[in-house]
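Below is one structure, written out as structure tokens, with a few remarks after it.
Numbering (our numbering), first residue to last: 33 to 478.
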């Protein structure tokens with residue numbers, strides 16, 4: 033079982049105005065997909081701006097184990113020499129995906145229609161997360177999964193020898209499930225169809241088209257219908273990874289609640305299936321503007337400028353927006369604590385099965401910091417204090433990087449410091465979080 037090592041407590045102290053440019057890392061979702069589709073193409077895929085957090089590095093290691101040649105140059109440019117669709121070799125050891133639910137689920141999909149066997153594991157957090165949501169549809173292709181009770185890792189996937197195309201209706205909004213099915217469909221003959229009733233992030237569809245797959249998305253009364261023609265020869269691509277909106281959320285939200293702040297976060301991906309947090313913050317009254325709107329590599333991009341916003345008010349976040357900001361609810365709840373009045377977040381049961389039960393983790397920590405929180409199976413309400421948040425708590429992060437960063441952001445504006453019991457998991461998605469925040473003027477120890 034993987035582990036990031038001994039616990040690393042961190043403490044955030046009330047800070048003066050945060051100022052400067054926050055160069056956040058590349059987008060994690062796009063980074064995972066670039067490595068996987070590069071490994072499934074024929075020829076050399078070149079990737080610049082790849083997020084070099086542990087989650088993505090684990091995916092790079094996995095692609096090597098399946099036979100692709102994955103290297104990083106001294107210039108920071110990554111090169112992937114792929115083996116083609118259906119060309120994965122059987123790995124010689126266990127595939128350790130660390131803390132990454134995205135990595136393990138997408139890789140399972142990519143290998144499920146190859147006639148090979150692979151065993152997957154992860155860290156203590158990942159090994160508690162449900163995998164049946166992916167292995168159930170992969171079984172329709174002819175793959176078999178053998179794992180622990182409850183469909184948990186460690187788990188062995190026996191790939192389909194003669195895969196068949198499937199038509200699958202995604203039961204809950206999940207880009208990971210949709211993507212796993214589409215990646216499995218690459219090596220199945222005929223057309224694989226995925227139907228989703230709520231739009232989720234569409235990086236997989238965009239990137240598949242860029243690599244030369246025939247993929248069509250239609251909006252119908254039945255929902256969003258995505259049709260992929262199987263067994264293409266994917267051509268290699270040059271991919272420039274935009275900056276990660278989920279990482280940008282932390283310096284942006286910190287700037288909104290720390291008095292005197294003015295922070296510019298350049299080159300942020302604004303894919304409409306990912307940008308829900310920023311529109312929600314604007315609706316709360318945040319001084320957050322998009323500058324230099326443009327398109328890069330098929331993805332909308334902008335520079336975000338965030339300034340201290342003392343007059344934000346709580347809102348009812350539209351449940352239909354949840355899929356576009358599911359990873360950002362933890363840090364949104366921190367902003368909500370500093371806003372005036374209640375912020376309602378509903379339709380978010382997916383938060384219960386992330387790296388941790390994020391609703392429980394955030395609710396417990398917020399209450400310990402003096403904030404009133406109500407919560408239920410798929411909803412929670414944070415009652416904002418209008419800027420006067422006591423703080424002074426030590427919070428259990430539950431091996432969850434977003435819980436750790438969210439409470440460190442809170443500590444920058446609360447009356448008393450906030451401590452997290454373990455900041456080590458931050459390296460999985462945002463390895464430069466500490467120095468980046470310090471460069472803006474944040475006081476974080478550990």
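Even glycine gets a Cβ: it sits at the ideal position worked out from N, Cα and C.
Owing to the predicted nature of the structure, the values given are computational and were not obtained by experimental measurement.
- Fully contained in the region 313–394 are the following alpha helix (DSSP H) runs of length 4 or more, in chain order: 361–370.
- For residue 243, same chain residues with a beta-carbon under 7 Å away, outside a window of 5 residues either side, are 69, 73, 266, 267, 269 in chain order.
- Between the region 54–66 and the region 255–265, the count of C-beta pairs closer than 8 Å stays below three; the two stretches do not touch.
- For residue 229, there is no enclosing beta strand (DSSP E), as DSSP gives it neither H nor E.
- Residue 407 is bridged by DSSP to 412.
- Where residue 401 is concerned, there is no enclosing beta strand (DSSP E), because DSSP gives it neither an H nor an E.
- Just so you know, the alpha carbons of residue 156 and residue 195 end up roughly 32 Å apart.
- Linking residue 221 to residue 262 through their CA atoms gives a straight-line distance of about 5 Å.
- By the criterion of a C-beta distance shorter than 6 Å, residue 303 is surrounded in its chain by 331, once the five residues flanking it on both sides are discounted.
- Residue 43 is bridged by DSSP to 451, 477.
- In this structure the region 373–386 lies against the region 404–415, because at least three pairs of beta carbons, one per stretch, are closer than 8 Å.
- Non-local beta-carbon contacts of residue 45 in its own chain, meaning distances under 6 Å to residues more than five positions away in sequence, involve 449, 475 in chain order.
- Between the alpha carbons of residue 343 and residue 377 lies a gap of roughly 20 Å.
- When beta bridges are read from the DSSP output, residue 84 appears opposite no residue.
- If you draw a straight line from the Cα of residue 149 to the Cα of residue 132, it is about 20 Å long.
- Burial state of residue 107 is exposed, judged by a 10 Å Cβ sphere holding fewer than 16 other Cβ atoms.
- 372 is the residue among 354, 71, 372 whose C-alpha sits nearest the C-alpha of residue 421.
- For the pair residue 111 and residue 145, the Cα-to-Cα distance works out to about 25 Å.
- If only complete runs of 3 or more residues are kept, the region 267–314 shows the beta strand (DSSP E) at 270–272, 294–301, in order along the chain.
- For residue 152, DSSP records a beta bridge to 127, 187.
- Nearest C-alpha to residue 168 among 158, 183, 161, 271: 183.
- When rounded, the separation of the alpha-carbon atoms in residue 307 and residue 351 is 14 Å.
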